[in-house]
DNA sequence: GCAGGCTATATCTAACTGATATAGATCTCA
DNA sequence: TGAGATCTATATCAGTTAGATATAGCCTGC
């Protein structure tokens, strides 16, 4: 039988990547994802810890237990040369098309089933979320440019932040347009009702 | 013990939504997602068929077997009033924050580990993908405006298409900027090498 | 002295993706 | 006419991800 097809396994390479940045505990990785990669990546403990053990099994990482006076034990992981090699190989592969899922757009596409007010609230809340995201992105960017030594990955991180900015700004513009469309639709419907026309649905 | 927390269950409501549009078979739903919602939603048979049966169990849909002369049997599903009610309730709820995952950005953020050419290829391929997506979106839009009767959901579908357009155009602009950044970075590194400076990593 | 928050590891279930299996019908083109 | 490809249609599995929860010691403030 043919070899089983490769699945995506993005979490695996996200963890390898964080190991290659020098992060040493699962906990630190989770915090890093939440605090720095939140605009384009997410990861759960349920992925991180099993993957770390698996990477050790495969010789892509090593683990040493550290027990400090009066502090809880922790497992310190490091990437090995073969780990770096596998990471580089993955980086050179073209990304697979990702499954698209936008709950907002799904809801909007079914907007005819609820009131115009409900739809407008959906979009206004989303606009607010985008604004918060922009503030979050700016916080990361100024932290990056701020005090410490220039990290060697800094230029690449800035590019991902630019991406987040570009997308959120486009979304803000779209929210404005869409709210106008929704208001126009609502006015038209009221108009038709007043004229006693037959409903279209 | 407290009641278990609700998970997202987007597939469930996508299926309910398609039932409310009049789609009757699992196969037709899958085709609809691929052909019309591909820019913001995806769905697999592994979700659709079990969910349809589950909706029937819960009284949100009904099923009748249709057997036609010389054609294979098929199951025709319809939404019930309680199905419509549950759909409307979901539509009125604020969407939960969605897990962000962009393989391209993850790869780019680790770009320092591979050659500038590899990074640039990553972005060029992505740019091409965005261009194809734009063409696909335009195809859907002209099909929507084209021949048949104006579907009552048409204005909402156009809003989701506008969203797709806005995002892809922002991405195209970002690809251009990013390619320029990558080229500049490569030139700088060559420069440093020539000057015999110590490597930064 | 204890409530709340942080560091840290670990695990479970539900949800989801992508692939594969099956089978009759219809299309294609040689 | 017949072999092979594609389409309609249902079904299921294994691998992967999301999100919640359990545990436990330490630190901070009140």
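Residue numbers (the numbering used here), protein chains in the order written: chain A, 11 to 211; chain B, 11 to 211. Every residue, glycine too, gets a C-beta built ideally from N, C-alpha and C.
- From the listed residues A/80, A/68, A/65, A/86, the smallest Cα separation to residue 74 of chain A is found for A/86.
- Residues of the stretch 116-127 of chain B with a Cβ closer than 9 Å to any Cβ of chain A, in chain order: 116, 117, 118, 119, 120, 121, 122, 123, 124, 125.
- Sequence-distant Cβ neighbours of residue 188 of chain B in its own chain, meaning closer than 6 Å and more than five residues away, are 133.
- Excluding its 5 nearest sequence neighbours in each direction, residue 23 of chain B has C-beta neighbours in its own chain below 6 Å: 100, listed in chain order.
- Neighbourhood of residue 169 of chain A in chain B, by CB distance below 7 Å: 118, 188, 191, in chain order.
- Collapsing the DSSP output to three states places residue 86 of chain B in a strand.
- Proximity of residue 146 of chain A to chain B, defined by a Cβ-Cβ separation below 8 Å, is not satisfied.
- For residue 175 of chain A, the closest C-alpha among the options A/145, A/199, A/191, A/163 is that of A/145.
- Residues of the stretch 77-93 of chain B that bring their beta carbon within less than 7 Å of a beta carbon in chain A are absent altogether.
- Listed in chain order, the non-local C-beta contacts of residue 27 of chain A below 7 Å within the same chain comprise 97, local neighbours out to five positions each way being set aside.
- Look at residue 52 of chain B: its C-beta is under 8 Å from a C-beta on chain A.
- Under the DSSP definition of a beta bridge, residue 73 of chain B partners with B/87.
- Shown here for residue 130 of chain A: same chain residues with a beta carbon closer than 7 Å to its own, the five before and five after excluded, namely 189, 192 in chain order.
- Nearest CB-CB separation between residue 205 of chain A and chain B: not below the 8 Å threshold.
- Not one beta carbon of chain A lies nearer than 8 Å to the beta carbon of residue 60 of chain B.
- Identification of chain B residues near residue 106 of chain A by a Cβ-Cβ cut-off of 9 Å yields 113, ordered along the chain.
- Rounded to whole angstroms, the gap between the alpha carbons of residue 116 of chain A and residue 165 of chain B is 14 Å.
- At the C-beta level, residue 55 of chain B and residue 40 of chain B come within 8 Å of one another.
- For residue 120 of chain B, the secondary structure class from DSSP, reduced to helix, strand or coil, is coil.
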